[in-house]
Structures are given as structure tokens and as C-alpha cells.
Amino acid sequence: MPTRVDPFNKYWEQFLNWARSRSLWMLAFGTGCGATELRPLMTSRFDMARFGIFPRPTPRQASVFVVGGYASIKTIKRIIRSYEQMQGPKYVIALGSCTINGGMYYDSYNTINRLDYYIPVDVYIAGCMPRPEALIAGFNRLKEKIVAGECEGMNEYTDKFDWFKKNQKEIIKDWNMPDYNW
């Protein structure tokens, strides 16, 4: 069972949340067109580094998990494993219609229609595909929620761990990933 993160000192936690919101290390998981609009954020026109958003190559180095595009039964395993490898505090952004409700693939036998049934989502950015401006607005919303102490996705995963695992195992029939010794 993952451990719950509780603030030990209100003022110290406010300072830490302020600092966390100024340095978001992003792990992007894009399928199909899901990652297309993330690339322009790294160019000089939008320059996500000036907003304190930096791409990271591995889950263990990231604090924000951006999932874009449709998720299939095959990719949801990787999404779950990447989320569970991230260190806390960690935040999730669902990018685009496909991660929110399945998008135009909602009736496909292989599409995961709701990402938030399998991992907790802190911010939703709607659109097919959302423009870079919408992504920046979504990151700013995440920053506001972090500063306000409203991003409880990681603790929600701990509190509802059995529910999330039940949903994960229902959709993934050949669950060959080892369960953790929590």
C-alpha cells in the first residue's frame, strides 16, 4: 500500500507547495496525436521553461505526468506503471478528449474511456487536440491548485488503492505485472 503524505507543518507545507508549483518536471506520455501539441511548448514561441516546466526522461525524475491521446488496454499498463514509479508529490494532467472520455474512439473495444478510473487526475485539459495556449492554461491551473494545497490525487490513490487496483485488473486480463509489497 502506498503511503499517504500528510503536511506536518502548515506554514512549511505552504512554502513547499509554492516552491513545487514553480518547478514542474514533466513526464509526457503521448499516444497518437496526444503528444503533438506538447512539442510547440518547448519552442521559443511558448518557451515552457519560463513557466517553470521542464521535460524529464524517466518517471522517477518527474513530478507531473501528462497523459495525452487515447489509451488502449495495452498502453494503460505502461501508464499505471509509470505513475507508480513516480516519486511523491506527483500530479497528473489528462490532455485531450481521449483521456477524458475516449474522444472519437469512445466506442472502440480497445479504448480506455476514463483515465481517472485507473489513476487519479488532478487537471483536465479538454480539446481534440488542445492548443499550446490551452496547455499553458492547464499547467497554470495545476500550479494554482498546488499552491492552494488542492492537488490530492496522490493521496486519493492511497485512500482508494483497492478501488483503483480493482479497476485496473478488470480491464487488464493478463495482469503480468507484479503487485507491490505495500
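As numbered in the numbering used here, residues -9 to 172 make up the sequence shown, in order. Backbone N, C-alpha and C fix where the C-beta goes; we use that ideal spot for every residue, glycine too.
Cα-Cα separation, MET38 to SER98: 34 Å
Smallest Cα separation from ILE66: which of SER87, GLY20 and GLN77? GLY20
Along the chain, where does the alpha helix (DSSP H) that runs through VAL137 open and close? 122 to 138
Span separating the alpha-carbon of GLU134 from that of ASN7: 10 Å
CA-CA distance, PHE44 and VAL54? 10 Å
Taking only runs of the beta strand (DSSP E) that begin and end inside the region 57 to 93, which ones reach a length of at least 3 residues, in chain order? 81 to 85
Is TRP165 helix, strand or coil by DSSP? coil
Can we say the region 70 to 87 touches the region 102 to 117, given the rule of at least three CB pairs closer than 8 Å? yes
Could you spell out the range, first to last residue, of the beta strand (DSSP E) harbouring TYR114? 113 to 115
Straight-line gap, TRP172 to ARG35 (C-alpha atoms, nearest Å): Any answer about TRP172 is weak, because its pLDDT of 47 lies below 50 and its placement is not dependable; what the coordinates show is given next. Approximately 45 Å, taken between the alpha carbons.
Work out the CA separation of TYR1 and ILE162 for me, nearest whole Å. 42 Å
Can you give me the start and stop residues for the alpha helix (DSSP H) that GLY143 sits inside? 143 to 149
In chain order, what residues of the same chain lie with their CB nearer than 6 Å to the CB of ARG131, ignoring the 5 residues before and after it? VAL113
Hey, how far is the Cα of PHE181 from the Cα of VAL57? As displayed, the chain neither begins before -9 nor continues past 172, which places residue 181 out of reach and without an answer.
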